[in-house]
Amino acid sequence: MKSKVTLTVNGKERSAEVEPRTLLAELLRDHLGLTGTHVGCDTTQCGCCVVHVDGKAVKSCTMLAVQAAGKQVTTIEGLAKPDGTLHPMQEAFREHHGLQCGFCTPGMVMMAVDIARRRPGADEKTVREELEGNLCRCTGYQGIVEAILSVVNPGAVKDHHHA
Amino acid sequence: MHNFAYHAPASLDAALKLIGEKEDGKIIAGGMTLLPTLKQRLAAPSDLIDLAGLPDLRGVKKEGGHIVIGAMTTHYEVATSDVVKAAIPALAHLASIIGDPAVRHRGTIGGSLANSDPAADYPGAAMGLNATIVTNKRAIAAEDYFLGLFETALERDEIIVSVRFPIPEKAAYQKFRHPASGYAVAGVMVSKTGAQVRVGVTGAGPNAFRARDFEAALEKSFTAEAIKDVKMSPDSLLSDIHCSAEYRAHLVGVLARRAVAQA
Ligand SMILES: Cc1cc2nc3c(=O)[nH]c(=O)nc-3n(C[C@H](O)[C@H](O)[C@H](O)COP(=O)(O)OP(=O)(O)OC[C@H]3O[C@@H](n4cnc5c(N)ncnc54)[C@H](O)[C@@H]3O)c2cc1C
Ligand code: FES
Ligand code: FES
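Each protein sequence line maps, in turn, to chains C and D.
All residue numbers for the first sequence refer to our numbering, where the first residue is 6 and numbers rise by one.
All residue numbers for the second sequence refer to our numbering, where the first residue is 71 and numbers rise by one.
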């Protein structure tokens, strides 16, 4: 029952033989070796698995690999420049202590980039609402919210680490 | 997840042929409800028929006094549609507070109405805005559409094509959001068109319904004050780990008053 799925991942065309029930998260991690995308809950709650499909944040544990055929997928591995320079959002998470254990971070950063695209100038309340589908067990969110604000609305940052 | 065969038809006819042939087949739209259900092995369809390749089922348009939304239009698309925001801002607002951004990028209005989760938002809008659910076979008034818990008038081989909303003079949606899931513990959509008032309630009962006592009082006077003494009976409402039927009955009254004040 396997079939070949071809899609573009981080700008490169990739193919894999998958079952219809194979999830996009499994395709990325197990077939393509892109283990930066994490699976925290597998029940569409935590957002650790967020990637962009055709430019929009989606939970890759709740999309079939076959549904991504022909689409443009961006994962956390696709954000930094080839020379290792971090994406401004990754840099902001580093700067504002937006991570501790790092498990939620790939999904957080991918959602953060999506928020920056959709909600430039967002205030703190909006950023917190936009993070509804991303859970973090470590940071208490403050550093994450500040990191995102520093990119979308720098004037709104009340930085507790740099005060 | 049990395995299944996957089909991505390119036309409604091809999709209908497949659903006709595959007796244990199921439609997949955004997959935001169906895939979690399959993971829990609560369903084991032989085939999944994906509607994502049918462009005709996607998009929003204004037709005379109606807004027509394709079944495959995502919550994000409804929330950000200039047409919806201009004609029925309460509907755009409702779509903007469903789940989270990633869910809104995939989940669809057709999927939400086909599923008829008691705590889903769109069923409340369909009732409160007097919508019509248009399928490949017929047009079903919202009132005749919701039959029970996860139960609708849809036949097994019937596909929702679009949803038609008459544009009201004013409307507002108020939801008491479950803090963990985001679903409605109760939600009320109130609309007024001429002398007619509709009050659609979701989250409180096994399926969305009209609160007719509220409607009658509001048709006399469209003010929050007019319904302050109208009581909702808890008799057919839901009791669960989140709250009792009595609590929900009270909540519906509060939300209805807030919605009227906001409209
Ligand atoms: C974390 C999370 C939070 C959520 N929060 C909310 C919330 O706050 N409020 C809310 O209302 N919902 C919420 N949802 C549900 C979400 O809105 C779903 O998108 C929606 O209920 C189902 O739409 P779908 O397009 O994903 O449908 P699918 O999951 O693909 O399908 C659902 C059902 O509908 C059938 N179906 C789909 N399309 C059609 C069609 N056109 N014709 C006939 N049958 C069809 C399918 O066969 C299936 O049985 C949440 C979901 C998640 C995962
Ligand atoms: S792993 Fe996908 S939402 Fe948690
Ligand atoms: S940093 Fe550990 S879960 Fe977020």
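We put the CB at the ideal spot given by N, CA and C, even for glycine.
Query                                                                                                                                        : Result
Residues that DSSP places opposite HIS136 of chain D in a beta bridge                                                                        : D:GLU133 and D:PRO236
As assigned by DSSP and simplified to three states, the class of GLN77 of chain C                                                            : strand
Any C-beta of chain D under 8 Å from that of ASP119 of chain C                                                                               : yes
Closest residue to VAL300 of chain D among D:SER309, D:HIS312, D:ALA286 and D:LEU307 (Cα-Cα distance)                                        : D:ALA286
Residues bridged to TYR253 of chain D (per DSSP)                                                                                             : The partner list for TYR253 of chain D (beta bridge, DSSP) is empty, contrary to what the question assumes.
Proximity below 8 Å, CB of CYS106 of chain C to CB of ASN139 of chain C                                                                      : no
Min CB distance PHE74 of chain D to chain C below 8 Å                                                                                        : yes
Within 8 Å, strictly: CB atoms of ALA70 of chain C and THR27 of chain C                                                                      : yes
DSSP state of ALA265 of chain D mapped onto helix, strand, coil                                                                              : coil
Straight-line gap, GLY52 of chain C to ASP283 of chain D (C-alpha atoms, nearest Å)                                                          : 42 Å
CB contact below 8 Å: HIS320 of chain D versus chain C                                                                                       : no
Interface flag, ALA190 of chain D vs chain E, CB-CB below 8 Å                                                                                : No chain E appears in this structure, whose protein chains are C and D.
is_contact[GLN95 of chain C, chain D] using C-beta, thresh 8 Å                                                                               : no
Contacts around SER303 of chain D, its chain only, beta-carbon distance under 7 Å, and the 5 residues preceding and following it disregarded : ALA319
Contact test: VAL173 of chain D Cβ vs ligand 5 heavy atom, cutoff 7 Å                                                                        : Although ligand 5 was asked about, the structure shown includes only ligand 1, ligand 2 and ligand 3 as ligands.
Of the residues D:GLU316, D:SER232, D:GLY135 and D:ALA331, the one placed nearest GLY181 of chain D, counting alpha carbons only             : D:SER232
CB of ARG234 of chain D within 8 Å of CB of VAL204 of chain D, strictly                                                                      : yes
Check: VAL182 of chain D C-beta below 7 Å from any heavy atom of ligand 1                                                                    : Rather than Val, the amino acid found at residue 182 of chain D in this sequence is Ser. Yes, the Cβ of SER182 of chain D comes within 7 Å of a heavy atom of ligand 1.
Residues near ALA114 of chain D in its chain [Cβ-Cβ closer than 6 Å; skip 5 each side]                                                       : HIS72
Where GLU18 of chain C falls, given that 16 or more other Cβ within 10 Å makes a residue buried                                              : exposed
Runs of alpha helix (DSSP H) lying entirely within the segment 56 to 144 of chain C, each at least 4 residues, in chain order                : 93 to 100, 110 to 123 and 129 to 135
Supposed contact pair TYR243 of chain D and LEU164 of chain D - C-beta distance, whole angstroms, cut 8 Å                                    : 5 Å
Contact with chain C by HIS248 of chain D, beta-carbon distance below 8 Å                                                                    : no
Euclidean distance between Cα positions of ALA281 of chain D and THR293 of chain D                                                           : 15 Å
Beta-carbon proximity check, VAL258 of chain D vs ALA326 of chain D, cutoff 8 Å                                                              : yes
Sequence-distant residues of its chain with Cβ nearer than 8 Å to PRO25 of chain C (five each side left out)                                 : MET6, SER8, LEU69 and VAL71
Residues that THR178 of chain D bridges to, as DSSP identifies them                                                                          : D:THR144
Neighbour flag for PRO159 of chain D against chain C, beta carbons, 8 Å                                                                      : no
Any 3 or more C-beta pairs closer than 8 Å across the segment 84 to 98 of chain C and the segment 127 to 134 of chain D                      : no
Residue-level contact to chain C via CB, HIS145 of chain D, 8 Å cutoff                                                                       : no
Per-residue DSSP class, three states only, for HIS36 of chain C                                                                              : helix
GLY177 of chain D beta carbon less than 8 Å from that of GLY252 of chain D                                                                   : no
Per-residue contacts from ASP211 of chain C into chain D (C-beta, under 9 Å)                                                                 : Here chain C covers residues 6 to 168 and nothing more, so residue 211 of chain C does not appear.
Status (buried if at least 16 other CB within 10 Å, exposed otherwise) for CYS66 of chain C                                                  : buried
Any chain C beta carbon closer than 8 Å to LYS245 of chain D                                                                                 : no
Neighbouring residues (CB closer than 5 Å to any heavy atom of ligand 3)                                                                     : C:LEU104, C:GLN105, C:CYS106, C:PHE108, C:CYS109, C:CYS141, C:ARG142 and C:CYS143
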